[in-house]
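Counting from 0, one number per residue, gives the positions in the sequence shown under numbering that gives the first Met the number 0.
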Amino acid sequence: MKLNSDFINEYLKGIFKPGAVLVSYGMRGGGKTHCAVSYCQRLIEGYYPDCPKHVVLITNVIFVKKSRKGFVTESPPGVYTIHSMKEIFPIVVETLEKYGRKDTMIVLLLDEAQNFLLGDMNNVGDMASSMKKFCGIIRKFNMCLWLLSPAMRNLGPAFRNFLDAENDPGNVNCTFQKNNADAKRFVDSRHYDMDPRSIVYVKAGFNEPTQLLPVPTSSWTRDPDTLAEGEYAYDNLSSADFVVGDFPFHEFVQHISGKSSYDMISGIKEFYEALDRGEMEDGTPVQDADKIRYEYGKILAVRMRVEYDVPRETVAALFGVSENTITNWVNAWKKSHQQDETT
């Protein structure tokens, strides 16, 4: 399978841009992270001339560097590995102050995104609802959001449906599907001498045709055991984690939403200064971390009970509460949606 480099460059120019929301999905071990890291390395190194000149990657993917004594956890130049929401926005400020807004893009790549977005059914408006609003303002940050998940259905409609869908539109601009079985059938039918894993199915919009693209070669996706001293690779056996922690993300989104793009950097600095003082901009205390974790646990419990129909006794045992408590949480959610459930 051969595609003209000019075609690939032009095609990717319409995908990798500030404000875009991308989703990669496919079976575990199918090459989603490999594919995303490969494209991001090419972007950072300026391989696609029509894409932004200055590209920075913020991700929860773990990288290692080969040293004389073995391996150390360290990210390549242009890559910031993070584990919590609070770490993201100071990097945004640093990047935009260094390069300016013009011709700059920050890729926020979140592996195992379904773990991060499990609060999709929360009517109170914490993580998933804030993320929906965040998707609408990521262009202010010169950011492209890239979510990776084994299955699209794990993400909820807002993060699996196309922005231009005719019914129930979401926030997604483009999808990358890794389907090695289909790719093998395609390769075999045309007698191509290539690895099926080097193909990704890309769909750049609801009404757009699916395009087969080659996964670019990348030094960062090699087996770490083959690295020379000083070289980097992502650790495909590590477990990607990402948490909100005690960061008041909902309040942050509200704060930034009221700022112009020109005031965005100063707005982030103001917000973080208030956090350092232990208060919000208006002087109110930051939510207690234990309370945040408790509320997030309620969200997960409701999702397990309502969407996945996990038995009530199982959910109660998992979260260390009574079955009546689970029923109350579910009924509170259903009441807000004009539904009712009997115990």
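Note that CB positions come from ideal geometry on N, CA and C, so glycine has one too.
Y200 vs Q176 beta-carbon contact at 8 Å:
Your numbering for residue 200 matches position 201 in the sequence shown. Your numbering for residue 176 matches position 177 in the sequence shown. In this structure, Q176 lies closer than 8 Å to Y200 by Cβ.
So if DSSP puts P213 in a beta bridge, which residue, or which two residues, is it bridged to?
For the purposes of this step, residue 213 is taken as the residue at position 214 of the sequence shown. Its beta-bridge partners are I198.
Keeping to the same chain, check which residues put their C-beta closer than 7 Å to that of F161; ignore five residues upstream and five downstream.
Here residue 161 is taken as the residue at index 162 of the sequence shown, counted from 1. Answer for F161: P168, G169, V171, G204 and F205, listed in chain order.
Pull up the distance between the alpha-carbon of N141 and that of I43, whole angstroms please.
Translated into positions along the sequence shown, residue 141 becomes position 142. Translated into positions along the sequence shown, residue 43 becomes position 44. In a straight line, the C-alpha of N141 is about 15 Å away from that of I43.
Please return the same chain residues whose Cβ sits closer than 6 Å to the Cβ of D119, not counting the five positions on each side in sequence.
In the sequence shown, the residue the question calls residue 119 occupies position 120. Unreliable positioning characterises D119 in this predicted model, as indicated by a pLDDT of 40, which lies under 50. A coordinate reading is not provided.
Spatial neighbours of R41 within its chain, please: C-beta separation below 8 Å, excluding the five flanking residues on both sides.
In the sequence shown, residue 41 corresponds to position 42, counting from 1. Answer for R41: Y47, P215 and S217, listed in chain order.
8 Å Cβ cutoff met for V54 and C134:
Here the question's residue 54 lines up with position 55 in the sequence shown. Here the question's residue 134 lines up with position 135 in the sequence shown. Judged by their CB atoms, V54 and C134 are not nearer to each other than the 8 Å cut-off.
With C-beta atoms as the reference, is M151 less than 8 Å away from Y307?
The residue given as residue 151 occupies position 152 in the sequence shown. The residue given as residue 307 occupies position 308 in the sequence shown. For M151 and Y307, no; Cβs fall outside 8 Å.
C-alpha distance - N59 paired with N114, whole-angstrom precision:
Against the sequence shown, residue 59 aligns to sequence position 60. Against the sequence shown, residue 114 aligns to sequence position 115. Between N59 and N114, the C-alpha separation is close to 12 Å.
Within its chain, find whatever has a CB closer than 6 Å to the CB of S83; leave out the 5 residues flanking it on each side and keep chain order.
Taking the first residue of the sequence shown as 1, we reach residue 83 at position 84. Excluding the 5 residues flanking it on each side, S83 has same chain C-beta neighbours closer than 6 Å at V242 and G244, in chain order.
Tell me whether M303 sits in a helix, a strand or coil according to DSSP, three-state version.
Working through the sequence shown from its first residue, we reach residue 303 at position 304. Three-state DSSP puts M303 in a helix.
Work out the CA separation of E322 and E280 for me, nearest whole Å.
The residue you call residue 280 lines up with position 281 of the sequence shown. The residue you call residue 322 lines up with position 323 of the sequence shown. Model confidence at E280 stands at a pLDDT of 48, short of 50, so the residue's coordinates are unreliable and nothing is read from them.
Between the CA atoms of I14 and I105 - distance to the nearest angstrom
In the sequence shown, the residue the question calls residue 105 occupies position 106. In the sequence shown, the residue the question calls residue 14 occupies position 15. Whole-angstrom Cα-Cα distance: 14 Å.
Who are C50's beta bridge partners in DSSP?
Taking the first residue of the sequence shown as 1, we reach residue 50 at position 51. Answer by DSSP bridge pairing: none, since C50 is not bridged.
I'd like the list of long-range same chain contacts for K297, defined as Cβ closer than 6 Å, with 5 residues on each side in sequence excluded.
By one-based count along the sequence shown, residue 297 stands at place 298. Residues W328 of the same chain have their beta carbon placed closer than 6 Å to that of K297, with the five preceding and five following residues left out of the count.
Does DSSP put S259 in a helix, a strand or coil?
Translated into positions along the sequence shown, residue 259 becomes position 260. S259: coil per DSSP, three-state reduction.
Reduced DSSP category for A232 - H, G, I as helix; E, B as strand; rest coil:
The count along the sequence shown starts at 1 and reaches residue 232 at position 233. Look at A232 here: in three-state DSSP terms it is strand.
Decide if T220 is buried, meaning its Cβ has at least 16 other Cβ atoms within 10 Å, or exposed.
As a working note, residue 220 is residue 221 in the sequence shown. Counting the other CB atoms within 10 Å of its CB gives T220 a total of 16 or more, which places it among the buried residues.
Identity of the residue in Y98, S148 and Q210 nearest D240 by Cα:
Sequence index remark: in the sequence shown, residue 240 carries index 241 (1-based). Of Y98, S148 and Q210, the residue nearest in Cα terms is S148.
Enumerate in chain order the residues of its own chain whose CB-to-CB distance from I137 is below 7 Å, with the five nearest sequence positions on each side excluded.
To locate residue 137, count along the sequence shown from 1; it is residue 138. Excluding residues within five positions, the ones whose Cβ falls inside 7 Å are G18 and L144.
What's the gap between the Cα of E111 and the Cα of L146?
Position 112 of the sequence shown holds residue 111. Position 147 of the sequence shown holds residue 146. Straight-line Cα distance between these residues: approximately 8 Å.
Counting only the same chain and skipping the five closest in sequence on each side, list residues whose C-beta sits under 7 Å from that of I325.
For this step, residue 325 is matched to residue 326 along the sequence shown. By the criterion of a C-beta distance shorter than 7 Å, I325 is surrounded in its chain by A300, R304, R311, V314 and A315, once the five residues flanking it on both sides are discounted.
Near F251, which residues of its chain fall below 7 Å by C-beta distance, leaving aside the five closest residues on each side in sequence?
Your numbering for residue 251 matches position 252 in the sequence shown. Hits under 7 Å: F270.
Nearer than 7 Å: is that true of the beta carbon of I325 relative to any heavy atom of the ligand FMN?
Among the components of this structure there are no ligands whatsoever, and the ligand FMN is therefore not found.
Using a threshold of 8 Å, state whether the C-beta atoms of I198 and A180 are closer than that.
Numbered from its first residue, the sequence shown carries residue 198 at position 199. Numbered from its first residue, the sequence shown carries residue 180 at position 181. Result no, Cβ atoms of I198 and A180 do not sit closer than 8 Å.
Going by the beta-carbon positions, is the gap between K268 and V92 smaller than 8 Å?
As a first step, residue 268 is located in the sequence shown; it is residue number 269 there, counting from the start. As a first step, residue 92 is located in the sequence shown; it is residue number 93 there, counting from the start. Yes.
Quick one: what's got a C-beta closer than 7 Å to S4's C-beta in the same chain, skipping five residues either side?
By 1-based counting over the sequence shown, the position of residue 4 is 5. For S4, where only same-chain residues beyond five positions count, there are no Cβ hits under 7 Å.
G124 to F158 span [Cα, whole Å]:
Taking the sequence shown and counting its residues from 1, one reaches residue 124 at position 125. Taking the sequence shown and counting its residues from 1, one reaches residue 158 at position 159. Caution applies to G124, whose pLDDT of 42 falls short of 50 and renders its modelled position unreliable; the value that the coordinates give is listed next. Distance from the CA atom of G124 to the CA atom of F158, rounded to whole angstroms, is 16 Å.
Classify M193 as helix, strand or coil using the three-state DSSP reduction.
Within the sequence shown, residue 193 is the residue found at index 194, counting from 1. Coil at M193, not helix or strand.
Below 8 Å on the Cβ atoms is my guess for L108 versus C39; work out the distance and round it to an integer in Å.
Numbered from 1 along the sequence shown, position 109 holds the residue referred to as residue 108. Numbered from 1 along the sequence shown, position 40 holds the residue referred to as residue 39. About 6 Å; that satisfies the 8 Å criterion.
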